[in-house]
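37 is the number of the first residue of the sequence shown in this note's numbering; add one for each residue after it.
What follows is a set of notes on a single structure, which appears directly below.
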Amino acid sequence: MGAAFANAGAEFMEYLNLLSHRLHYRIDGDDQAAPWLLFCNSLGADLHMWDAQAAVLSRHFRVLRYDRRGHGRSSAPPPPYSLADLGGDVLALLDTLGIERAHFCGLSIGGLTGQWLGINAGHRLNKLIICAAAAKIGTAEGWATRSDEVRMNGLSALTAATAERWFTPAFGAAEAGIVAAVLESFAATSVEGYTGCCAALASADFREEIKQIANPLLAVSGDDDPVCPPSDLEYIAAGAQQGRHLSLRGRHIVNIEASQAFNAALLDFLHN
37 MGAAFANAGA
47 EFMEYLNLLS
57 HRLHYRIDGD
67 DQAAPWLLFC
77 NSLGADLHMW
87 DAQAAVLSRH
97 FRVLRYDRRG
107 HGRSSAPPPP
117 YSLADLGGDV
127 LALLDTLGIE
137 RAHFCGLSIG
147 GLTGQWLGIN
157 AGHRLNKLII
167 CAAAAKIGTA
177 EGWATRSDEV
187 RMNGLSALTA
197 ATAERWFTPA
207 FGAAEAGIVA
217 AVLESFAATS
227 VEGYTGCCAA
237 LASADFREEI
247 KQIANPLLAV
257 SGDDDPVCPP
267 SDLEYIAAGA
277 QQGRHLSLRG
287 RHIVNIEASQ
297 AFNAALLDFL
307 HN
């Protein structure tokens, strides 16, 4: 295990070399004494999905973002993966950087990763933000079908349907450049990384274990999210020991569509 280092002022882009793959990560923020805030991406997205958060929150925190295995600049070990694998990558990153505890914010499969960490390694977290996720997302059959489609046709064939699930038509029309960049990242995701994560989603079910999460938890939904509607986030908030729910305007990638309100909500939750 090792890390390759690249320095660009207050921004650091590095690689963590693990036994089967390497993780690309980035740190933003000047204040070495500031608390850590770690962001975890949606399926088919890279760390740039959090650009609007890093720009604001790095004034208050040391912001750590990374590309999940098989996404962005991270390499893809052979699939399938499990949530324990994805959570283990987070713990390896924290260990390598010498981070004892961090706030964690994850969206969709990133939110499931956060739930796994809260259940299995809550002592490594401070506060936990779960966004546009559920204690169980979809069905094993549905994820198997999705994997088969991706193996046969690639990810580009799914971009139109993904745009519809991820953003409202109004946002897509008003911010076409932002949406195009997100979809470009989606289409560039490796088939191995995507299908490996589909396997993790197929087997992940925290509906019973959610009650073990003792960290203060904020569940954030998009009010028009067809993937994980507000009721899914309400379930997480009600199940956790110290949970509350907030719904913002938007669909699945609510941190982008409602970025200002999202940033304000995180600052309020993390500072109070």
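From the three backbone atoms N, C-alpha and C, an ideal C-beta is built for every residue, glycine too.
- Cβ contact annotation for residue 85 (same chain, cutoff 6 Å, sequence separation greater than five): 77, in chain order.
- Along the stretch 251-291, the beta strand (DSSP E) occurs as fully enclosed runs of 3 or more residues at 253-258, 279-284, listed in sequence order.
- In terms of Cα proximity to residue 167, the closest of 261, 307, 108, 102 is 261.
- For residue 230, the uninterrupted alpha helix (DSSP H) run begins and ends at 227-239, by DSSP.
- For residue 179, the enclosing alpha helix (DSSP H) stretches over residues 176-189.
- Annotated as proximal: residue 289 and residue 202, with beta-carbon spacing under 7 Å.
- The beta carbon of residue 245 lies closer than 7 Å to those of 155 in the same chain, with the five residues before and after it left out.
- Where residue 222 is concerned, the enclosing alpha helix (DSSP H) starts and stops at 212-224.
- In terms of Cβ geometry, residue 108 and residue 60 form a close pair [threshold 7 Å].
- The stretch 135-149 and the stretch 160-175 touch, with three or more beta-carbon pairs separated by less than 8 Å.
- Collapsing the DSSP output to three states places residue 138 in a strand.
- With contacts defined as CB atoms closer than 7 Å, residue 236 and residue 253 fail to qualify as a contacting pair.
- Considered as a whole, the stretch 39-112 harbours 87-93 as its complete alpha helix (DSSP H) runs of no fewer than 4 residues, in chain order.
- Counting the other Cβ atoms within 10 Å of the Cβ of residue 225 gives 16 or more, which makes it buried.
- Around the beta carbon of residue 181, a 10 Å sphere encloses fewer than 16 other beta carbons of the protein chains shown; the residue is thus reported as exposed.
- Only exposed fits residue 307, as fewer than 16 other CB atoms lie within 10 angstroms of its CB.
- The continuous beta strand (DSSP E) containing residue 165 extends over residues 161-167.
- Between the stretch 59-74 and the stretch 125-135, the count of Cβ pairs shorter than 8 Å is three or higher; the stretches touch.
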